[in-house]
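Colleague: Numbers in my numbering are just positions in the sequence shown, counted from 1, shifted up by 1240.
Take a look at the following structure, please.
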Amino acid sequence: MGILGVILSGVYKTTFPRLVENQMLRPMRLAQTTAGNDIPPGMATGFNDKGGTAHYWAFDALAAAGSIKSNATDMLHYGRIMLKSFSEKNPVSMLLTTPTWYNPPQVVTLGWHRNPDEDGPVIFQHSGGTYGFRSHLSICPEQKWVVVSMANHGADPGASGVAAQLTEELKKM
């Protein structure tokens, strides 16, 4: 993702933060999200595995690999937008949902992990983090739900573990 961000910034002749602002944040109305080194008001303090303060990472290069900072409200809004996109049958949604790598139990699409078809309803998910923060987003187009989990602690499973428990309960519905 870091290299892709560098390439896209070159194609659009702008910085990665400005590219994200123009192509994603403003059109999607994600007011509490940034891809720059600034910290929006109200953002949590992160903690490392020893309980010490973990500072936000500042990126000069490869910003697409972890510079985006958001809150739960914006993440949920983004998840709803993606839920709608995954549910539609158009070229963009087909591109996003078509497997690019398939090695069960791992199925990867363009930027998303997906469970194998035989494992219940299809769920798209992406997680990530930097030292002191973790996030996880799961989307189930078939059952029309979105799960957002965030943690201000860098250890895994953290947010992904919470999201996995919520996802298992929602799959039963």
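Quick reminder that beta carbons are idealized off the backbone N, C-alpha and C, glycines included.
Roughly how many whole angstroms lie between the Cα atoms of K1290 and A1275?
Modeller: Counting from one through the sequence shown, the residue named residue 1290 turns up at place 50. Counting from one through the sequence shown, the residue named residue 1275 turns up at place 35. Whole-angstrom Cα-Cα distance: 27 Å.
Colleague: Can you tell which of A1304, P1339, N1277 and A1301 has its C-alpha closest to the C-alpha of H1295?
Modeller: For the purposes of this step, residue 1295 is identified with residue 55 of the sequence shown, where counting begins at 1. Taking only the C-alpha atoms, the option nearest H1295 is N1277.
Colleague: Between which residues of its own chain and G1245 is the CB-CB distance below 6 Å, once the five residues before and five after are set aside?
Modeller: Sequence index remark: in the sequence shown, residue 1245 carries index 5 (1-based). Result list for G1245: F1256, A1303 and A1304, in chain order.
Colleague: Have a look at I1321 and P1267 and give me their C-alpha separation to the nearest angstrom.
Modeller: If you number the sequence shown from 1, residue 1321 lands on position 81. If you number the sequence shown from 1, residue 1267 lands on position 27. Whole-angstrom Cα-Cα distance: 11 Å.
Colleague: What does the alpha-carbon distance come out to for the pair S1310 and T1285?
Modeller: Taking the sequence shown and counting its residues from 1, one reaches residue 1310 at position 70. Taking the sequence shown and counting its residues from 1, one reaches residue 1285 at position 45. Cα to Cα, S1310 sits roughly 13 Å from T1285.
Colleague: Could you tell me the boundaries of the alpha helix (DSSP H) in which G1242 lies?
Modeller: On the sequence shown, position 2 is the one that residue 1242 refers to. That run of the alpha helix (DSSP H) goes G1242 to Y1252.
Colleague: Taking the straight line between their C-alpha atoms, what separation do you get for P1281 and H1366?
Modeller: Here residue 1281 is taken as the residue at index 41 of the sequence shown, counted from 1. Here residue 1366 is taken as the residue at index 126 of the sequence shown, counted from 1. Looking at the two C-alpha atoms, the distance is approximately 25 Å.
Colleague: What are the start and end residues of each continuous beta strand (DSSP E) run of 3 or more residues lying completely inside the region 1267 to 1350, in chain order?
Modeller: The qualifying runs are 1341 to 1343 and 1346 to 1348.
Colleague: Note down the Cα distance separating Y1342 from S1325, rounded to an integer number of angstroms.
Modeller: Stepping through the sequence shown from its first residue, residue 1342 is reached at position 102. Stepping through the sequence shown from its first residue, residue 1325 is reached at position 85. Their backbone Cα atoms lie some 22 Å apart in a straight line.
Colleague: Starting from G1369, follow its DSSP beta bridges and name the residues at the other end.
Modeller: Here the question's residue 1369 lines up with position 129 in the sequence shown. DSSP lists R1374 as partners of G1369.
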